[in-house]
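Here is the structure we will look at, set down as structure tokens.
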Amino acid sequence: VLAAVPSGLLAAVTNLVATDLVSAPLLWVGPLAIYLLTFVLVFSPRLRAVIPVAVALAPVAVTLLWVPLGSVGAWPVAPLVLVAYLGFAVVATALHGRLADDRPDARHLTEFYLVLSAGGVIGGAFVGIVAPVAFSGIWEFPILLVAALVALAWSAPPRATSTSESATRGPARRDGAARR
1 VLAAVPSGLL AAVTNLVATD LVSAPLLWVG PLAIYLLTFV LVFSPRLRAV IPVAVALAPV
61 AVTLLWVPLG SVGAWPVAPL VLVAYLGFAV VATALHGRLA DDRPDARHLT EFYLVLSAGG
121 VIGGAFVGIV APVAFSGIWE FPILLVAALV ALAWSAPPRA TSTSESATRG PARRDGAARR
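Residue numbers (our numbering): 1 to 180.
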């Protein structure tokens with residue numbers, strides 16, 4: 001899911017911008033560059049500090065991504081394209097960041113990247129094959145926006161509870177044996 005949603009959003013944002021907002025050459029390059037840049041950001045040891053910021057801003061970005069969907073013709077095109085691209089960048093960074101956090105050790109990297117690629121295919125196939133057949137309008141975009149929020153909530157690291165494990169068990173001894 002964490003790989004399928006950004007891939008689907010890549011195609012959905014590209015469709016939205018290139019067909020509903022403005023018909024201009026090479027507009028598909030923007031979302032593709034953003035998509036690839038998010039991988040560079042989240043898998044780079046020096047740039048990983050962006051991930052918590054993106055995760056925190058993702059709900060705001062998803063909310064703003066509804067603006068281009070419902071405001072075609074009401075706003076100038078440039079701000080709508082900017083909102084679509086920036087919102088996509090934040091959501092893709094947040095989702096890819098959660099993927100990068102789940103990256104296994106070197107022994108299992110092949111399987112990890114294979115599953116990541118399969119998720120990308122599933123997301124693209126949803127927008128390119130399933131959605132045009134299943135929906136009469138552009139419903140893949142709002143579905144993927146909701147799926148992005150669900151995926152972020154589902155993949156959130158577990159929160160610490162108010163009573164820690166050590167408080168319920170009692171203090172541990174120095175030698176590691178539990179107190180009976």
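Positions of the beta carbon are idealized from the N, C-alpha and C atoms, including for glycine.
- Counting the other CB atoms within 10 Å of its CB gives L65 a total of 16 or more, which places it among the buried residues.
- Buried is the label assigned to H96, since at least 16 other Cβ atoms lie within 10 Å of its Cβ.
- Excluding five sequence positions before and after R98, the CB atoms of its chain that fall closer than 6 Å to its own CB belong to L2, S155, given in chain order.
- The beta carbon of L47 is closer than 7 Å to those of L41 in its chain, skipping five residues each way along the sequence.
- With contact defined as three or more Cβ pairs closer than 8 Å, the segment 52 to 64 and the segment 82 to 93 are in contact.
- The alpha carbon of W139 has as its nearest neighbour, out of A4, A12, R103, P6, the alpha carbon of A12.
- The criterion of a C-beta distance shorter than 7 Å is not satisfied by S44 and G120.
- The beta carbons of G123 and A4 sit closer together than 7 Å.
- Assignment of I138 by DSSP, reduced to helix, strand and coil, places it in the coil class.
- DSSP places G73 in no alpha helix (DSSP H); its state is neither H nor E.
- For L10, the enclosing alpha helix (DSSP H) begins and ends at 4 to 15.
- Excluding sequence positions up to five before and after V77, its CB lies within less than 6 Å of the CB of L21, V22, all in the same chain and listed in chain order.
- Contact between A89 and I34 holds: their C-beta atoms lie close to 5 Å from each other, under 8 Å.
- Cβ-Cβ distances below 6 Å link V83 to L64, V67, P68 in the same chain, with the five nearest sequence neighbours on each side left out; the list follows chain order.
- Listed in chain order, the non-local C-beta contacts of L16 below 8 Å within the same chain comprise P68, L69, A84, I138, F141, local neighbours out to five positions each way being set aside.
- DSSP places P31 in the uninterrupted alpha helix (DSSP H) bounded by 29 to 43.
- Between A148 and V62, the C-beta spacing is below 7 Å.
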